[in-house]
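In terms of the working numbering, the sequence shown opens at residue 5 and continues consecutively.
By construction, the Cβ of each residue, glycine as well, lies at the ideal position given by its N, Cα and C atoms.
These notes are about the structure you will find just below.
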Amino acid sequence: MDEKKQAEYINDHFFAFHSDNAALAIALGEKARALAQKNRWTHLEAQTRKNLGVAYYLEGDYPKALLHYQMALDLFTLSGDPSGQGQVLKEMGNYFKKFQRFDKALEQLEQAIAICTEVRDTHCIAAALDIKGVVYIEQGRFDEAEAIFKKELALQRRLGDEKALSYTWANLAEVAIAQGNFKQAEDFLSRSTEIRKRLGDRIGVAININNTGEMFLRSGQPENALPYFQKTVEETERIGFADLQRHAMQMLSETHAALGQHQEAIGWLNRSYALKDSLFNLNHSQQIAEMAEKYEAVKKEKELALRQRQLQKRNMLLGLSIAGLVLLVVAFILVFRYQKQRRIQWKRETELKTELIRSELSLRLQNERLRISRDLHDNLGAELTIVGGALSKRAHISASMEERSALETIAMNIRQAMALLRESIWAIRYEQFSLQSLSDKISDFAARASSLPLLVSIPEDDISLSPAQTLNLFRIAQEAIANSIKYSEASRIELSFLLKQDQQLSMVLSDNGRGFDPEALPAGNGLGNMRFRAEELGGSLEVESAPNEGTQIRVSIPLHQKQDLMP
């Protein structure tokens, strides 16, 4: 078999190799890439780099994955293959989804859908829609995600694409789990697993085993979830799917915690973080080698582009040599194209360098956030859990009613402290939060605190908040709602957000209670803390109230003020 047929065979069967042995698939892919690069088979090299990008992504080698995606996109553009461009943009959308850069992910996916629609590549359209739906799931936009998956389902049935169909069933199951419809989720997972087993898709089967465990865990059946997560860890270790293996370890930690097996929970959590560190913390020698490879590849691309331009120029000169005036016009066009191509190449190189730096900084920041939340969860959270459990047990067996009451009061305070800790961990895990996620968090608190209805109104604008803004606004709303429930005798509470033209965000909480005189307000009402939190965000807090006229608390903050430190 000659070299070109070898490279084509590896590309055609790459994911079959990867399903059985990820390391072997990557080694074969690198061989195919080297052959294509050596022989200047531009389109074949683009296909190989796209496949390698997917494989490195699944291995957790994210910088290398991004590098291959970017170079594959350039090569598909150079070879004039819009369908290939759409497929790479789809994979890049999945890459940015991984780092929770949802706006960037949706931008890449919309480009992929537009390109693939133009060339009528329905397989590419369906795959991009699938990832777009998953982004909506991670944003908590479950109804929109469900609508996309149902549209995708009809498209895949028309195409007869069973493998893609299995992923859509699995995604619909994830939506059903999030919505609490566990019976429907079980049916969707069963359909997906049946297809994946028939196709020999070991990665897909492993994902479904994990999702079945999550379904049992979310439905309050941790004892049934446990064997599924254990099997997921074993299977992903065999096939080399490190990212899912780490996730399953984290699920095992949550399951053991739900069963009250705290030592096992901590053990699995530590194993999960150890594996996560190995995925994210690349050493310097690897980074240097990757950068060298990137610059060498860019250099060869320039040489290839230069040779193609020279060939075009010779052909034009040969065809138009009989007309001097025409020759001058053609020369001018060639020079213009050359300069334009140089500008395009320089722009792409700059974007690639910038994206790599941003990805590295994003990884470092996310690792630090995870480290802080892990320390809080493992140390303080574990200690509070142990102490709370011991106090509850002691209160249960205590013969003294006085002692039992005191112990139950302390245990309740510890549970409240754990709730505050979980809210703080929630606020520092991510770079930014949507206004919808903050509104949902406030609604959850209000529902737990009282049966009073909370009427919520938020603008349709896509508004992002920093962790500091999110936590401070949540604490202000928490204090205001608690005061209203405790003192106002209101029958309803309203929460609204307003975005002003000067990029000022207002949060307004109002009730129809008995009101009060702000001037005669005694100490200890929490307004001082609320005002301090608003000022810490560079904003202000205003209170409007009068006896028997209800109360309105308005917080206004600048939306884009830099907030680097958590309160």
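Cβ distance (whole Å) where residue i is taken to contact residue j below 8 Å
i: isoleucine 561; j: leucine 509; result: 6 Å
i: isoleucine 181; j: arginine 222; result: 6 Å
i: phenylalanine 18; j: alanine 29; result: 6 Å
i: glycine 88; j: asparagine 55; result: Their Cβ separation, rounded to whole angstroms, is 11 Å, which puts glycine 88 and asparagine 55 out of contact at 8 Å.
i: leucine 499; j: alanine 481; result: 7 Å
i: alanine 69; j: tyrosine 99; result: 6 Å
i: leucine 273; j: glutamine 254; result: 7 Å
i: serine 454; j: isoleucine 401; result: Wrong, their Cβ atoms sit about 33 Å apart, outside the cutoff.
i: asparagine 15; j: leucine 48; result: 7 Å
i: isoleucine 199; j: isoleucine 243; result: No, isoleucine 199 and isoleucine 243 are not in contact; Cβ-Cβ is about 18 Å, not under 8 Å.
i: proline 86; j: valine 123; result: 5 Å
i: aspartate 247; j: glycine 84; result: Wrong, their Cβ atoms sit about 34 Å apart, outside the cutoff.
i: aspartate 134; j: glutamate 114; result: 14 Å between Cβ atoms; not a contact.
Residue range of the beta strand (DSSP E) that includes residue i
i: aspartate 515; result: 508 to 515
i: phenylalanine 501; result: 497 to 503
i: isoleucine 561; result: 555 to 562
Residue i to residue j span [Cα, whole Å]
i: alanine 293; j: leucine 71; result: Annotation note: pLDDT 41 at alanine 293 (below 50); position unreliable, coordinate value reported separately. When rounded, the distance between both Cα atoms is 12 Å.
i: glutamine 234; j: phenylalanine 153; result: 29 Å
i: serine 514; j: isoleucine 557; result: 6 Å
i: isoleucine 117; j: tyrosine 61; result: 21 Å
i: isoleucine 211; j: serine 443; result: 31 Å
i: serine 438; j: phenylalanine 146; result: 15 Å
i: threonine 259; j: alanine 415; result: 22 Å
i: glutamine 436; j: asparagine 214; result: 28 Å
i: proline 226; j: leucine 82; result: 53 Å
i: glycine 543; j: threonine 126; result: 50 Å
i: phenylalanine 520; j: isoleucine 141; result: 43 Å
i: glutamine 440; j: aspartate 466; result: 9 Å
i: glutamine 314; j: leucine 321; result: 10 Å
i: leucine 279; j: lysine 35; result: 28 Å
i: glutamate 355; j: leucine 39; result: 27 Å
i: alanine 494; j: glycine 554; result: 8 Å
i: methionine 640; j: valine 58; result: Residue 640 lies beyond the range of the chain shown here (5 to 571); nothing can be said about it.
i: leucine 331; j: glutamine 74; result: 37 Å
i: serine 470; j: alanine 109; result: 19 Å
i: phenylalanine 478; j: arginine 537; result: 10 Å
i: alanine 132; j: arginine 352; result: 23 Å
i: tyrosine 299; j: glutamine 104; result: Residue placement at tyrosine 299 cannot be trusted, given a pLDDT of 39 that sits under 50; what the coordinates show is reported in the next sentence. Cα-Cα distance, rounded: 28 Å.
i: leucine 338; j: isoleucine 348; result: 15 Å
i: leucine 256; j: glutamine 249; result: 11 Å
i: alanine 335; j: glutamate 7; result: 38 Å
i: aspartate 165; j: lysine 101; result: 24 Å
i: glycine 323; j: valine 333; result: 13 Å
i: leucine 79; j: threonine 46; result: 6 Å
i: alanine 130; j: valine 237; result: 30 Å
i: glycine 144; j: glutamate 111; result: 18 Å
i: asparagine 185; j: glutamate 539; result: 43 Å
i: glutamate 12; j: lysine 42; result: 14 Å
Bridge partner(s) assigned by DSSP for residue i
i: serine 549; result: Thr555
i: leucine 458; result: Ile497
i: phenylalanine 437; result: Leu469
i: serine 544; result: Ser560
Short CB-CB distance (under 7 Å) between residue i and chain B
i: leucine 133; result: Protein chain content of the structure displayed is limited to a single chain, and chain B is not contained in it.
For residue i, the first and last residue of its enclosing alpha helix (DSSP H)
i: valine 1; result: The shown model of the chain, from 5 to 571, leaves out residue 1, and the question about it has no answer.
i: valine 209; result: 206 to 222
i: isoleucine 135; result: 126 to 142
i: glycine 90; result: 86 to 102
i: serine 23; result: 18 to 24
i: glutamate 227; result: 226 to 243
i: lysine 155; result: 146 to 163
i: leucine 203; result: 186 to 203
i: asparagine 55; result: 46 to 63
i: glutamate 111; result: 106 to 122
i: alanine 69; result: 66 to 82
i: serine 3; result: This structure leaves residue 3 out entirely; the chain is present only between 5 and 571.
i: alanine 252; result: 246 to 262
Contact test: residue i Cβ vs the ligand MG heavy atom, cutoff 6 Å
i: histidine 564; result: Inclusion of the ligand MG in the displayed structure is not the case, the ligand content being empty and no account of it being possible.
TODO: Evaluate the contact criterion for the region 483 to 495 versus the region 461 to 468: three or more CB pairs, one atom per stretch, below 8 Å.
DONE: no
Open item on the list: Does the structure place the region 138 to 158 close enough to the region 186 to 194 that three or more beta carbon pairs sit under 8 Å?
Closed with: no
- [ ] Please determine if the region 161 to 177 and the region 189 to 208 are in contact, where contact requires at least 3 C-beta pairs separated by less than 8 Å.
- [x] yes
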